[in-house]
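The opening position of the sequence shown corresponds to residue 3 in this note's numbering, with each subsequent residue numbered one higher.
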Amino acid sequence: MADFGIKPDLALGLKPPATMSLADMVNIARGVQAYQQAEQTNPLALQQAQQATRTGEINLGVAEQQNAERMNLQRFFSDPENFQTNGRIDLNKVNKIVPQIAPLTGREAMQNVAVLANAQTTADTSKRGLTQDAREKVASRLSLMGRLGIDKPELYGKELDNLVTEFPNDENVKELVNSYKVVLSRSGGINLPEVALKEAQSVLTVGQQEERFGPRVAATDIGGQIVETVTTPSIAGRAPKIEMGKALASKTLSPGTEITLTEGNQYGLPAGTKILVGGAGGSTAGVRPEQMGQPKAKQAAAPAISSLSPLESSTLAADAKLAAEDYTNISQIAQTSQQQIQNLRQIKASAPKGFTGAVGERQAVAASVLNTLGIPAYEKEKVETDLLNKNGKLLAMAGGNTDMARAMAEAANPNAKMEAKSIEKVANYMIGGSLMNNAKLDFLDPYKNNARQYVSKMKEIKDVLNPNLFYFESLNDQEARKFLDEMPLEEKKQFRKQLEKATKIGIIK
Numbered sequence: 003m004a005d006f007g008i009k010p011d012l013a014l015g016l017k018p019p020a021t022m023s024l025a026d027m028v029n030i031a032r033g034v035q036a037y038q039q040a041e042q043t044n045p046l047a048l049q050q051a052q053q054a055t056r057t058g059e060i061n062l063g064v065a066e067q068q069n070a071e072r073m074n075l076q077r078f079f080s081d082p083e084n085f086q087t088n089g090r091i092d093l094n095k096v097n098k099i100v101p102q103i104a105p106l107t108g109r110e111a112m113q114n115v116a117v118l119a120n121a122q123t124t125a126d127t128s129k130r131g132l133t134q135d136a137r138e139k140v141a142s143r144l145s146l147m148g149r150l151g152i153d154k155p156e157l158y159g160k161e162l163d164n165l166v167t168e169f170p171n172d173e174n175v176k177e178l179v180n181s182y183k184v185v186l187s188r189s190g191g192i193n194l195p196e197v198a199l200k201e202a203q204s205v206l207t208v209g210q211q212e213e214r215f216g217p218r219v220a221a222t223d224i225g226g227q228i229v230e231t232v233t234t235p236s237i238a239g240r241a242p243k244i245e246m247g248k249a250l251a252s253k254t255l256s257p258g259t260e261i262t263l264t265e266g267n268q269y270g271l272p273a274g275t276k277i278l279v280g281g282a283g284g285s286t287a288g289v290r291p292e293q294m295g296q297p298k299a300k301q302a303a304a305p306a307i308s309s310l311s312p313l314e315s316s317t318l319a320a321d322a323k324l325a326a327e328d329y330t331n332i333s334q335i336a337q338t339s340q341q342q343i344q345n346l347r348q349i350k351a352s353a354p355k356g357f358t359g360a361v362g363e364r365q366a367v368a369a370s371v372l373n374t375l376g377i378p379a380y381e382k383e384k385v386e387t388d389l390l391n392k393n394g395k396l397l398a399m400a401g402g403n404t405d406m407a408r409a410m411a412e413a414a415n416p417n418a419k420m421e422a423k424s425i426e427k428v429a430n431y432m433i434g435g436s437l438m439n440n441a442k443l444d445f446l447d448p449y450k451n452n453a454r455q456y457v458s459k460m461k462e463i464k465d466v467l468n469p470n471l472f473y474f475e476s477l478n479d480q481e482a483r484k485f486l487d488e489m490p491l492e493e494k495k496q497f498r499k500q501l502e503k504a505t506k507i508g509i510i511k
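Structural data, given as structure tokens:
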């Protein structure tokens, strides 16, 4: 049975709770008070933060709205048809559209347009009271500055102020100048010259405008015939134009009449060239049909040239001499090129033996070189390397490259030290030179009867006359890869560019 009695020894071990001092009570009270204060303060700080965020959102929204409206206004005012009627500002259009596309910022734009419209109205009123002299001077000043492309409003203002000085007692001039200063100051710099030209033309009376800017019909002598032409002057900065109408009459020159051609003549000949013309229809020397609004005519048949212009005469003579000498040279080389290529290939094939073989094999290599140079082999027992170095034909075959010529000279001397790689390089270069000469002949042959074109084509291919290009084109794929692999990187880049250009020109196909 459970014992609920209290044991004396256990009861003696129990301790009463510790007593609380006054200081402890004060600390607890302070903590409670601080908690209550924090509870009241935090919602206020949160509310302030929320208000700051909301204010930022509103400012951002306003900025975005202003930017959108600015873009809308730019698009609206970029097209004059949106805010003008018959070339004048129409406030009804502006007042109707601007509040719709820019409700926040449109008021300022409308005020600016109203000021500009008022200035235009004042200017229109002032124009009607101008004297003839004042009209001419205002129009000429604005027109001159507009044609010069002046795009600074302050420069127009200074020039307009000078007009007031010239007409100190003319109130119409003063009002017109003040109005124009407003109009020009509120025009974009890019469009300012065009605005100035339009205002210059508007100052004139209807009769003056018709006289200055109206189309003018005339009978114009174009050399061979009289034709009707309609000339439209420059208006508001647009380029003037001349349109050719029907022929009114033909002119006939006496047979054998000598005339001097002008620049752009129908024959394509230089200015200053004299030709003989005459007979029905005559010549229209110097006329360019496309200037008159007609389709460009084909170049006329070559006329009878009586004399060339002095400059053309000397140039043509020099071109003819250069073309004749070059064509003769490459034609002569081409006659022996195949045999030379065979000889050079034989040198390449036999060269390696010349370094390791017997003296006879070394002499065979030298003989091949000498035969290629046109020197009978072993005509003399010994051929000195120095003598071969001076051989003009050797240097010519090496394309003027003295290092290659020297290597071939050493190969031609059986007693000289030879390097197979050098001989192979020179032989390849010379083979390329022969192939290049043949390609050059094929390329220039169609122009052999036209010295000017021949010389022009010579200049065109000047930068691609590299024998290595033409030797490379004769190789198979494996040989071509090996040829490129042995080139330094930078040289390889230049070689590829040169090859591409030669192919584009057409000398390599």
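Cβ atoms here follow ideal geometry from the backbone N, Cα and C, with glycine treated the same way. Treat the numbers as computed from the prediction; the structure is a model and nothing was measured.
{"Query": "Could you check whether V175 and L186 sit closer than 7 Å to each other, using their CB atoms as the reference points?", "Result": "no"}
{"Query": "Who does A220 pair with in a DSSP beta bridge?", "Result": "T231"}
{"Query": "State the beta-bridge partners of I244 as determined by DSSP.", "Result": "T233"}
{"Query": "Cα separation between R77 and G63?", "Result": "21 Å"}
{"Query": "Just how far apart, CA to CA, sit T233 and Q203?", "Result": "18 Å"}
{"Query": "Quick one: measure Cβ to Cβ for E138 and L106, integer angstroms, because I've assumed they're closer than 8 Å.", "Result": "Contact flag wrong, Cβ pair sits at about 47 Å."}
{"Query": "Let me know if N73 comes out buried or exposed under the rule of 16 or more other beta-carbons within 10 Å of its beta-carbon.", "Result": "Reading the sequence as shown, one finds Met at residue 73 and not Asn. With fewer than 16 Cβ atoms within 10 Å of its Cβ, M73 is classed as exposed."}
{"Query": "Please check the pair G1 and L75, which I expect to be a contact at CB under 8 Å, by giving their CB distance rounded to whole angstroms.", "Result": "Nothing in the structure corresponds to residue 1, since the chain is present only between 3 and 511."}
{"Query": "Below 8 Å, can you find three or more Cβ-Cβ pairs linking the region 428 to 444 to the region 336 to 343?", "Result": "yes"}
{"Query": "Taking the alpha-carbon positions, what's the Y449 to T330 distance?", "Result": "13 Å"}
{"Query": "Helix or strand or just coil, what does DSSP make of T262?", "Result": "strand"}
{"Query": "Ignore the nearest five residues each way along the sequence and tell me which others in K160's own chain have a CB closer than 6 Å to its CB.", "Result": "none"}
{"Query": "How would you label L132, buried or exposed, when you count the other beta carbons within 10 angstroms and need 16 or more for buried?", "Result": "buried"}
{"Query": "With a threshold of 7 Å on Cβ separation, who are the neighbours of V466 within its own chain once the five nearest residues in sequence on each side are excluded?", "Result": "Q500, K503, A504, I507 and I509"}
{"Query": "Near K511, which residues of its chain fall below 8 Å by C-beta distance, leaving aside the five closest residues on each side in sequence?", "Result": "T505"}
{"Query": "Helix, strand or coil: how does DSSP classify I509 here?", "Result": "coil"}
{"Query": "What does the alpha-carbon distance come out to for the pair T264 and T222?", "Result": "17 Å"}
{"Query": "Here's the rule: buried if 16 or more other CB atoms are within 10 angstroms of the residue's CB, otherwise exposed. What is G362?", "Result": "Its pLDDT being 49, under 50, G362 is placed unreliably by the model, and nothing is read from it."}
{"Query": "Just the Cα atoms here: how many angstroms apart are Q68 and R188?", "Result": "21 Å"}
{"Query": "Starting from Y449, trace the alpha helix (DSSP H) in both directions and tell me its first and last residue.", "Result": "No alpha helix (DSSP H) contains Y449, which DSSP labels as neither H nor E."}
{"Query": "Using a Cβ-Cβ cut-off of 6 Å (strictly less than) and excluding sequence neighbours within five positions of A220, which residues of its own chain qualify?", "Result": "T231"}
{"Query": "If you run the structure through DSSP and keep just helix, strand and coil, what is F78?", "Result": "helix"}
{"Query": "Judging by CA-CA distance, which residue of A136, R347, A65 and L157 is the nearest neighbour of E426?", "Result": "R347"}
{"Query": "Quick one, which of A65, K442 and G151 has its alpha-carbon nearest T104's?", "Result": "A small correction: the amino acid at residue 104 is Ala; Thr does not occupy that position in the sequence shown. It is A65 whose Cα lies nearest to the Cα of A104."}
{"Query": "Quick one: grab the DSSP three-state call for A104.", "Result": "coil"}
{"Query": "In the DSSP assignment, find the unbroken alpha helix (DSSP H) run with D487 in it and report its ends.", "Result": "D479 to D487"}
{"Query": "Please state the DSSP three-state secondary structure of S476.", "Result": "coil"}
{"Query": "In whole angstroms, what is the alpha-carbon distance linking A325 and N470?", "Result": "25 Å"}
{"Query": "E177 and T124 look like a contact to me (Cβ under 8 Å); what is the Cβ gap, rounded to whole Å?", "Result": "6 Å"}
{"Query": "L443 and A336: beta carbons closer than 7 Å?", "Result": "yes"}
{"Query": "Assuming I261 contacts P195 (C-beta within less than 8 Å), just tell me the rounded distance between them.", "Result": "That belief does not hold up - the Cβ atoms of I261 and P195 are roughly 42 Å apart, past 8 Å."}
{"Query": "Would you call the CB atoms of A141 and V205 closer than 7 Å?", "Result": "yes"}
{"Query": "How many Å lie between G191 and I60 at the Cα?", "Result": "Because the pLDDT of G191 is 49, which lies under 50, any placement of that residue in the model is unreliable, and the question is left without a value."}
{"Query": "Which whole-angstrom value is the C-beta distance of F485 and F474, which I expect to be below 8 Å?", "Result": "6 Å"}
{"Query": "Would DSSP call K459 helix, strand or coil?", "Result": "helix"}
{"Query": "If we count the other Cβ atoms within 10 Å of its Cβ and call it buried at 16 or more, is K459 buried or exposed?", "Result": "buried"}
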